[in-house]
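To convert, note that position 72 of the sequence shown is 70 in my numbering; the numbers rise steadily by one, no gaps.
Working notes, beginning with the structure itself.
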Amino acid sequence: MKSGEVLRHSAAIDEQEVFSLIHRPVELLELQPSRFAGRVASWAEHAERRYGDSINPVMTYVESGPHHVSWIYHEGEDWRSGERFSTYHIICDCIAGVEGNSPQESVDSILGCRAVLRALQRRAAFVDHKYRTCEILAALRDPDTGDFEQSNAFHKFAVKTIGTILELDARHPKEWPGNVINGEHRVSVLSTLFQLHPEVVKWYGRLLAESGVVEDFDGEILKLRPESLAA
Ligand SMILES: [Zn+2]
């Protein structure tokens, strides 16, 4: 089965596009702690003035050109639904001109941006470094067979690491483990992190859902069940 034939549940990030970035080094300037620059600042000012939001940048990636990608802590009240929110999420200065202030809406409107994809790839490299995922997977890998046919030890380590990354996000969202919004992770980014085909990561997602670690899996977005954090 080719992944191109699979029904997309969420087309916000093109998984093939992210996957194609694998093995390509990223040249990005990391500012940490950071300040907004350019239009991100104007968007934040706009959201603070118009909606009364509170926006604090945690980390910003800057590349040449107009894009500054930030991981922000965003508190406020959804302009449309009236619901309160307080969460961490990614933002890019190309969001300028988007109406509304809900975190999900803001994230959805910038996911096609190449600078955002590169920043996510950069964060995947951070997680890889932290958990030595690729090094361990390489040691467990049988080079003579495909991703799906690897040993149980290989798959178990990968599945367990996904759970650990989701837990890191739940407990320490400031660390920004390559997700686009606090409380979830995407197959497209995880496949970049593990350097595994997205279909294999989707299979891991289904295993995690079956064992009750994540909520019902839609084929793209993994959400840790609150019960998984109890211990
Ligand atoms: Zn952008």
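The C-beta atom is built at its ideal place from N, Cα and C for all residues, glycine as well.
A contact between stretches requires three or more CB pairs, one per stretch, nearer than 8 angstroms, and the region 176 to 191 meets this requirement with the region 114 to 134.
Rounded to the nearest angstrom, the gap between the Cα atoms of K200 and G217 is 6 angstroms.
Taken in chain order, the complete alpha helix (DSSP H) segments of 4 residues or longer contained in the region 57 to 112 are 101 to 106.
About 6 angstroms separates the Cβ atoms of H65 and D91, confirming a contact at the 8 angstroms cut-off. When DSSP states are grouped into helix, strand and coil, P55 belongs to the strand group. In the three-state reduction of the DSSP assignment, L222 falls in the strand class, which pools E and B. Remark: C-beta atoms of A94 and R47 do not approach each other more closely than 8 angstroms. If you look at R139, you'll find it isn't in any alpha helix (DSSP H); DSSP assigns it neither H nor E.
Counting along the chain, the unbroken alpha helix (DSSP H) around F192 starts and ends at 185 to 192. In this structure the region 145 to 160 does not touch the region 107 to 121; the number of beta carbon pairs closer than 8 angstroms is below three. Taking a contact as a CB-CB distance under 8 angstroms, the pair L220 and A168 does not count as one, their CB atoms being some 12 angstroms apart.
If you draw a straight line from the Cα of G210 to the Cα of V185, it comes to about 18 angstroms.
Any heavy atom of ligand 1 within less than 5 angstroms of a residue's beta carbon puts that residue on the list, which reads H65, C90, C92, C111, A113. Residue burial is scored here from C-beta neighbours: F146 has fewer than 16 other C-beta atoms within 10 angstroms and is therefore classed as exposed. Excluding the 5 residues flanking it on each side, G203 has same chain C-beta neighbours closer than 6 angstroms at F215, L220, in chain order. DSSP, reduced to helix, strand and coil, places V198 within a helical segment of the structure shown. Note on S189: 16 or more other CB atoms within 10 angstroms of its CB, so buried under the neighbour-count rule. In the DSSP assignment, I179 is bridged to H87. CA-to-CA, the gap between R82 and C111 works out to about 27 angstroms. The three-state reading of DSSP puts V38 in helix, counting H, G and I together. With 16 or more other Cβ atoms from the protein chains shown falling within 10 Å of its own Cβ, P196 counts as buried. Contact check for Y86 and V114: beta-carbon distance about 15 angstroms, past the 8 angstroms limit, so the pair fails to qualify. Fully enclosed alpha helix (DSSP H) runs of no fewer than 4 residues occupy 131 to 138, 150 to 169 of the region 113 to 177, in order along the chain.
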